[in-house]
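Under our numbering, the first residue of the sequence shown carries the number 635, and numbering increases by one thereafter. The C-beta atom is built at its ideal place from N, Cα and C for all residues, glycine as well. In this text the structure is predicted, and so the values were computed from the model without any measurement. Right, one structure below, let's go through it.
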Amino acid sequence: MMRLDGTPGLSIAPRHPTLARMKLGLLLCAFGAATAVAQIENEFLKVERADGRFTITDKSTGRIVIADGELADAAHTEIVAPSRLPFVLFKRILREPGDYNRVPLLSATVAVPGPLSTIGTGGLLAPEKNPGSYAWLAVANPPTRNGIVAAWLTHDRGSGVVFSPVTNGQVRVAAQVDYGRLRVKPGGAVETETFALGYFADARLGLEAYADAVARHYHVKLPPPPAGFCTWYTEKHSKACDETNLMVLARYAAKELKPFGFEFIQIDDHWQAGISKNGPKREFLRANPNGPYPNGMKATADNLKSLGLTPGLWFMPFAGTYYDPFFAPHQDWFYKGADGKPFEVRWGGTCLDMSVPGAREYLRTLVRRLAHEWGYKLFKMDGLWTGTGTRLMYVNNGYKWDEMGEAAPADPDKTQIECYRDGLKLIREVAGPDLFLLGCCVSQNMRSFGGAFGLLDAMRIGPDTGAGHIGAPHASRNYFLNGRVWWNDPDCVSVRAKTPLDQARVNASFTAITGNLFYNSDWIPDLPAERLDILKRCIPAHGLSARPVDYFENDPARIWHLSTPHRDLVAFFNWGKTPANIVCPLEKLGLRTDAEYVAFDFWKNQFLPTLRGELSATLPPGSCRVLTLRPVAEHPQLISTSRHITQGLLEVLEETWDAAARTLRGRSRVVANDPYELRVVVPVGERSWRAVRAECGISLDTPTGHSTETVPTLTQDGPNIRLAFTNAVGGEVKWQIKFEPGPVTTAATGGEETPSLKN
């Protein structure tokens, strides 16, 4: 490879598949050491470099968006501008022999007009108050959303961090990667991780593009997110529950919730054997013979599977207890501190070193037993940070120096992040491709965050919530990872009786609307019918990507938008302790401001007045509104259904207006014996439609035109129509409403809400 200035490049096999692919044809231009002026560009950005400094120009506007860029080691930094990727990529090549820890890469001024805010893993903060963010950082002007995304694309051997120092009144971004100990041998050379820098008219789209790039780089293929239950927080039989009472709950959940999409039951801490004076016991190869599962873990897994449920199990894959009799003969398995002793950390115990063959063989045996001998098909893997051999920093959001490197792997050619990733890869190799891997939790130490990219199905994205408020702050700021890199887990959804009804709906609605991993930890058999119904209306997950509207203004975001081909879903959340008036111009949703829209409020079960221009609602503390919107049409159209909070997104398979037959037809996948309602609207005025009759059933091809299995109820109040029925069989049901032309005035019964949602 020759650089732009004609000097020969280093002969290094690329560590990163992304860069390897770029060098095989996707790369438009690249340069390394540059003593003269050089320029590279792709479809999005142009980079100019001279004497170790660089600027980046947005090609769509011709404006410099990154200025006064400085490279920590200009002579050994490669810059590439890949085609079809809206970023410029940077990596440094370390050539001086020695051990590296905190390696700076670059710093540059953010040349975006207007006041700037930052959002990263530490939250939404003024640039000067941001301590640094792990893996990614966005710097943007909140009103316009114009901004830059600065993020580490890879985390193969190091832990990337991004800072936002303010110098002479100007916001800069600075990139650094921490290794603990990265060894460069004499005569050798090692590439750092790859850093991405890009400008976006809407920085949310930049973060989503970043997550997409990470997913492509690591070949992420996510399974559908399951819904289920965790034993940890339950009012009765909490922690691990027990083999008798767990089956009481499981049988009830299988009967009441499984038809709605409930899939798994996960047993948490306190099932296992061992001794510990510091956090959980850690002998995971066997159940505590005097504990809650005296007949062993396989028996319970088999019992759960007999109900059609997936058994899940909690454990700590990278943690042991050096003084436990099981681990005592294997002191070589552990990371060693500077004193040569096994590296012990608060709550996590003794950190297992995945560069040691014996430790790897132990993990292989453990995963084989849990997955294949006992039959658990979902792992909740806690204390993941122990695989990095670092300290507990709980609650870790923004950057905190954790003395990374004080414990080093036994293999001097391995870094701590590399060992962590090796351990996760081993788990997947032994468990197989179909076992669902849930990590827990990044807030213990954020070294476990980027290092897990591409290796998990889901990740607990924040700390324990204690069965209180859902973990919205962490799920909100990291929303773009969800469904791309992994499924975000905001912790368990609580809807129990002692939780205020509004808060229960907030917990469930946020998790469902955002498409995060949804699982409950209440004692389900004791849930009042109204609370149980909340769970039914929020599972399964829709598997799509919802977007926060006010992402650069509120943390967590209060307005969420999910756009589909047939309708738009908008959710308002009041996270505060006082009433909140939330206003959202339709243009912020990407909707037409000159069009009129019809709307329906899911939890209030109300049609709303026709609106134009903006949505506005006053919400009580700890409450939410979940609305569907459709543009006003000249013919009848479906606006909402009762099955799921997404109001038709999951179960409506077809909706068609047959103008010649004056019939609205459709197909829905319904749950047996679950009352189902379709909400339809017609225009107000002289030229409108009156519902005449409705038909529904498994088949509409019988001589009478409908199945006798399902008797519908049809009502019309002004422009608002409800078709309700209950099907005893479940599955796909056809339905149709026949209309006749006629004038329609506004609703007469108060079915519409007077405007807390206004025009």
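Restricting to Cα atoms, I'd like to know which of Ala706, Lys1372 and Leu1242 is closest to Arg726.
Ala706
Mapping DSSP to helix, strand and coil, what is Gln900?
strand
Taking Cβ positions, are Pro1265 and Ala1229 nearer each other than 7 Å?
yes
For Lys939, which three-state DSSP category applies?
The answer is helix: DSSP assigns Lys939 an H, G or I state.
According to DSSP, simplified to helix, strand and coil, what is Glu1311?
Strand.
Check whether the stretch 844-862 and the stretch 767-787 are in contact - that is, three or more C-beta pairs closer than 8 Å.
yes
Within this structure, are the beta carbons of Ala708 and Gly732 separated by less than 7 Å?
no
Closest by CA to Arg838, which one among Thr1290, Thr1349, Asn764 and Ala1191?
Ala1191
Tell me Ile1371's beta-bridge partners as DSSP assigns them.
The partner list for Ile1371 (beta bridge, DSSP) reads Leu1298 and Ala1328.
Sorted by chain position, which residues of the same chain lie with C-beta nearer than 7 Å to Gln804's C-beta, five sequence neighbours on each side aside?
Thr743
Can you tell me the Cα-Cα spacing of Ala849 and Arg1055, whole angstroms?
Using only the alpha carbons, I get a separation of about 16 Å.
Classify Val1304: buried if its beta carbon has 16 or more other beta carbons within 10 angstroms, exposed otherwise.
buried
Give a yes or no on contact between the stretch 826-837 and the stretch 872-887, applying the rule of three or more CB pairs nearer than 8 Å.
Using a Cβ-Cβ distance cut-off of 8 Å, the stretch 826-837 and the stretch 872-887 are not in contact, since fewer than three pairs of beta carbons, one from each stretch, lie closer than that value.
Report the rounded CA-to-CA distance for Ile1332 versus Gly1365, giving the unit in angstroms.
Cα atoms of Ile1332 and Gly1365: separation of roughly 8 Å, rounded to the nearest angstrom.
In chain order, what are the residue ranges of uninterrupted alpha helix (DSSP H) at least 4 long that sit wholly in the stretch 795-875?
837-851
Suppose you measure from the CA of Thr1227 to the CA of Pro1219; what does that come to, to the nearest Å?
8 Å
With DSSP run on the structure shown, which of helix, strand or coil describes Met1231?
As written in the sequence, residue 1231 is Tyr, which differs from the Met given in the question. Residue state, collapsed to three classes: strand.
Take Leu1018 and list the residues in its own chain whose beta-carbon comes closer than 6 Å to its own, dropping the five residues that flank it on each side.
So the list reads Gly1073 and Ser1082, once near-sequence residues are dropped.
Ordered along the chain, which non-local residues of its own chain (more than five positions away) have a Cβ less than 6 Å from that of Lys855?
none
Determine the closest residue to Ser1179 out of Tyr927, Leu1166 and Trp1120, with distance taken between C-alpha atoms.
Trp1120
Are Leu1312 and Thr1275 touching if we call contact CB-CB under 7 Å?
Result yes, Cβ atoms of Leu1312 and Thr1275 sit closer than 7 Å.
Can you look up Pro1182 in the DSSP assignment and give me helix, strand or coil?
Strand.
From Phe595 to Leu883, what distance separates their C-alpha atoms?
Since the first residue shown for the chain is 635 and the last is 1393, residue 595 is missing from the structure and cannot be characterised.
Which of the three DSSP states is assigned to Leu1223 in this structure?
In the structure shown, the three-state DSSP call for Leu1223 is helix.
Using only the alpha-carbon positions, how far apart do Phe1206 and Ile1147 sit?
11 Å
Let me check understanding here. Comparing Cα to Cα, which of Leu1223, Pro951, Asn924 and Asn1154 lies closest to Cys1075?
Pro951
Compare the Cα-Cα distances from Gly703 to each of Val807, Val1029, Phe688 and Tyr1010 and report the closest residue.
Gly703 has its Cα closest to that of Phe688, out of Val807, Val1029, Phe688 and Tyr1010.
Enumerated in chain order, which unbroken segments of the alpha helix (DSSP H) with a length of 4 residues or greater are wholly contained in the stretch 1148-1214?
DSSP runs (the alpha helix (DSSP H)) wholly in the stretch 1148-1214: 1163-1172.
If you draw a straight line from the C-alpha of Gln1240 to the C-alpha of Asn1307, how long is it?
Going by C-alpha positions, Gln1240 is about 23 Å away from Asn1307.
Quick check: the stretch 1033-1048 against the stretch 963-972, are there 3 or more CB pairs under 8 Å?
Segment contact: the stretch 1033-1048 against the stretch 963-972, three or more CB-CB distances shorter than 8 Å; contact assigned.
Could you give the first and the last residue of the continuous beta strand (DSSP E) run that contains Glu675?
Ala672 to Glu675
Pull up the DSSP beta-bridge partners for Ser1274, would you.
Looking at the DSSP assignment, Ser1274 forms a beta bridge with Arg1313.
Go ahead and pull the three-state DSSP assignment for Phe894.
When DSSP states are grouped into helix, strand and coil, Phe894 belongs to the helix group.
Going by DSSP in three states, Glu917 sits in which element: helix, strand or coil?
strand
In whole angstroms, give me the CA-to-CA distance for Gly1102 and Ile690.
45 Å
Answer yes if the stretch 1123-1130 comes into contact with the stretch 852-867, meaning at least three C-beta pairs across the two stretches below 8 Å, and no otherwise.
yes
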